[in-house]
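Remarks on the structure that follows.
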Amino acid sequence: MPDEQVFLKSKAIVEPLVDRFYAWLHTLAPAQATLNLANRQVPMLESYLQSPQVHMAASVNPTLRGGFFVNIHKNRRDEVQDLLDSIKRDRADMLRFASAIAQGHELLREAATGFDLTPLYPKLPSELGGLVELVYDTENQAAMRFMEPLLYKSAVYAEDRQTVQLSLEPGTERPFILSTPRLPSPDVLELPIPFRHGGLEELFKARVSPTTPARLREALELDDAQAAQLSGLLSDRPSLAEDRHIEGGGRIRYFGHACLVLQTPEGSVVTDPFISADSSMSGRYTLDDLPDFLDLVLITHGHQDHIVLETLLQLRGRVGAIVVPRPSRGNLSDPSIALALKHLGFPVVEVDDFDEVPFPGGKVVATPFLGEHCDLDIRSKSTYWVELAGKKVFIGADSSGIEPTLYRYVREHLGTADIAFLGMECDGAPLTWLYQALLTTPVTKAMSNSRKLSGSNAEQAAAITTELGAREVHIYAMGEEEWLGHVMATTYNEDTYQIKQIEEFMKWCADHGIKGGHLFGQQEWRW
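Numbering (our numbering) for the sequence shown: 14 to 540.
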């Protein structure tokens, strides 16, 4: 009935898409999106069309997991061809802008010799006019600085690229998000609306507050067929966990990967939310276990497993603010997380190192994040120090211990950590795996392999722990939970280097009287 009270089912999932590819920071931020489209996605589709069977076989080969192969059956080749044709036709402005970036960089390599850059402006491609500044650093290295806020007002940022697919959690691993576009499917509700659309907030608030089918239909601008599909995602009762709030003391829950929920009776904070929707599986916390309102969401950095739009969109309207690290402004490898999220309708607080953000019952302090970004000049990365209910908690994400003295400064400024959470993906993917689309000058394989997306090894984790004075340390953010394979595509076994390093660190903790843990699934701390 159109006026009956309904809730969104626990197992409902959302996949936000741009030109049918899963959306993440580098496919949303305008300059980076053009380069990913031109240098990664279009060539990948062209490669698939030349040999669909090769892509299909590679997509299911465990040794090639996380590779850039399109996992679409050859019977749908014509649909992939249509997608490629539409991108080349409808995104011509973006493709020209990507080419202009490459031309601009080539101009600087040839003509920026330490002398006045003014004569180079007329030689820039017209697509860049008014959107870049040519600069030197103090070592006379030239670069283009992008006017990123203006890019969001240009033809390069097109909201009609954005669509949303809604469905029920399939219980099987979805295709890898960086390689496989999402084609239409009979069991998927397709919404051709931008991510900031108010109807999405109305829909996802229905996880905790009742609404009606008629109200959702109006909010989402659905036709009859879409409204009928939406009904399959709705239930007449909520599926919320009774213990999602606490009445006293403090609590931390590990929701998987880098997601922690820290609570007092007065307030709550969630870090890098990437949360399972599949409540039928045991051993995990899901969206059903979240507090109804989250005072702060902390984003540590812009990688696709730490700013996960399929979770974030479902929290809009339930969040006081999203706390994000401030970027270097205009650096191609360092898009602004704040700008992207503001354009999606989120309230955002941008922080530098040691900025404080209060929340009811505690405070958050932004702390430095070292390494992990392939030595690129990326500054939009932050660890966090959370104080609540008498505990001091260090949220370390993938920050590296390559220079442990840094963490001594944290301790001197903020005190001794009671609990620390550290990432130990200590043999990460090489530079070109994530950043190749942004590199207008090719790099050798040896160079790429020397610069990895790596966190701390055992020795570095021990050094961080020592400098923080932490009494309890847990390893997280390893990509081990099976439900996040479509984003992480990681594969470990007991002999994997990363796992061996964690075992070595756990032994170090035991030898030094420090409580240590290697997190997986769900875990809870109460005090």
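We put the beta carbon where it would ideally sit given N, CA and C, even for glycine.
8 Å contact criterion, which Q178 and L202 should meet: CB distance rounded: Your numbering for residue 178 matches position 165 in the sequence shown. Your numbering for residue 202 matches position 189 in the sequence shown. For Q178 against L202, the beta-carbon gap comes to about 7 Å, under 8 Å, which counts as contact.
Proximity below 8 Å, CB of L141 to CB of G117: Numbered from its first residue, the sequence shown carries residue 141 at position 128. Numbered from its first residue, the sequence shown carries residue 117 at position 104. Yes.
For L345 and A46, the rounded distance between their alpha carbons: As a first step, residue 46 must be located in the sequence shown, where it is residue number 33. As a first step, residue 345 must be located in the sequence shown, where it is residue number 332. C-alpha separation (whole angstroms): 11 Å.
Helix, strand or coil at F159 according to DSSP, with G and I counted as helix: Counting from one through the sequence shown, the residue named residue 159 turns up at place 146. In the three-state reduction of the DSSP assignment, F159 falls in the strand class.
Assumed close pair M501, G468 - CB separation to whole angstroms, cut-off 8 Å: As a first step, residue 501 must be located in the sequence shown, where it is residue number 488. As a first step, residue 468 must be located in the sequence shown, where it is residue number 455. Not a contact, Cβ separation roughly 14 Å.
Presumed contact (8 Å Cβ cut-off) between A44 and I114, rounded CB distance: As a working mapping, residue 44 is identified with position 31 in the sequence shown. As a working mapping, residue 114 is identified with position 101 in the sequence shown. The beta-carbon distance between A44 and I114, rounded to whole angstroms, is 7 Å. This is short enough to meet the 8 Å contact definition.
Residue closest to M491, alpha-carbon to alpha-carbon, out of P15, H270, K22, E28: The sequence position of residue 491 within the sequence shown is 478, counting from 1. Out of P15, H270, K22, E28, H270 has the C-alpha closest to the C-alpha of M491.
Residue of R250, K218, Y61, G280 minimising C-alpha distance to G261: For the purposes of this step, residue 261 is identified with residue 248 of the sequence shown, where counting begins at 1. Of the candidates R250, K218, Y61, G280, the one whose C-alpha sits nearest the C-alpha of G261 is G280.
Exposure label - F287; buried when at least 16 CB within 10 Å: Looking up residue 287 in the sequence shown gives position 274. F287 is buried by the Cβ-count criterion.
Nearest-angstrom beta carbon gap, F208 and L357 [assumed within contact, 8 Å]: As a first step, residue 357 must be located in the sequence shown, where it is residue number 344. As a first step, residue 208 must be located in the sequence shown, where it is residue number 195. Their Cβ separation, rounded to whole angstroms, is 5 Å, which keeps L357 and F208 in contact under 8 Å.
Reference L196, options K166, N84, A168, S295, closest by Cα: Position 183 of the sequence shown holds residue 196. Among K166, N84, A168, S295, the Cα nearest to that of L196 belongs to N84.
Enclosing beta strand (DSSP E) for S180 [first to last residue]: As a working note, residue 180 is residue 167 in the sequence shown. According to the DSSP assignment, S180 belongs to the beta strand (DSSP E) that extends over 175-181.
Any 3 or more C-beta pairs closer than 8 Å across the segment 116-130 and the segment 160-175: With a cut-off of 8 Å, the segment 160-175 and the segment 116-130 do not count as touching, because too few Cβ pairs lie within range.
The segment 368-385 / the segment 447-454 touching (three or more Cβ pairs under 8 Å): Under the Cβ criterion (8 Å, minimum of three pairs), the segment 368-385 does not count as touching the segment 447-454.
Of the residues S112, N462, L120, I515, the one placed nearest A475, counting alpha carbons only: As a position in the sequence shown, residue 475 is number 462, starting the count at 1. Of S112, N462, L120, I515, the residue nearest in Cα terms is I515.
Nearest-angstrom beta carbon gap, M107 and L50 [assumed within contact, 8 Å]: By one-based count along the sequence shown, residue 50 stands at place 37. By one-based count along the sequence shown, residue 107 stands at place 94. Right, their Cβ atoms sit about 6 Å apart.
The segment 286-305 / the segment 475-484 touching (three or more Cβ pairs under 8 Å): Using a C-beta cut-off of 8 Å, the segment 286-305 makes no contact with the segment 475-484, since fewer than three inter-stretch Cβ pairs fall below that distance.
Local Cβ density within 10 Å of K101, reported as buried at 16 or more and exposed below that: In the sequence shown, residue 101 corresponds to position 88, counting from 1. Burial call: exposed.
Boundaries (first-last residue) of the alpha helix (DSSP H) holding W37: Counting from 1 along the sequence shown, the entry for residue 37 is found at position 24. For W37, no alpha helix (DSSP H) run applies, since DSSP gives it neither H nor E.
DSSP state of H531 mapped onto helix, strand, coil: Start at 1 with the first residue of the sequence shown, and residue 531 comes out as number 518. In the structure shown, H531 sits in a strand (DSSP, three-state: E or B).
Three-state class that DSSP yields for S349 in the structure shown: Within the sequence shown, the letter at position 336 stands for residue 349. Three-state DSSP puts S349 in coil, outside helix and strand.
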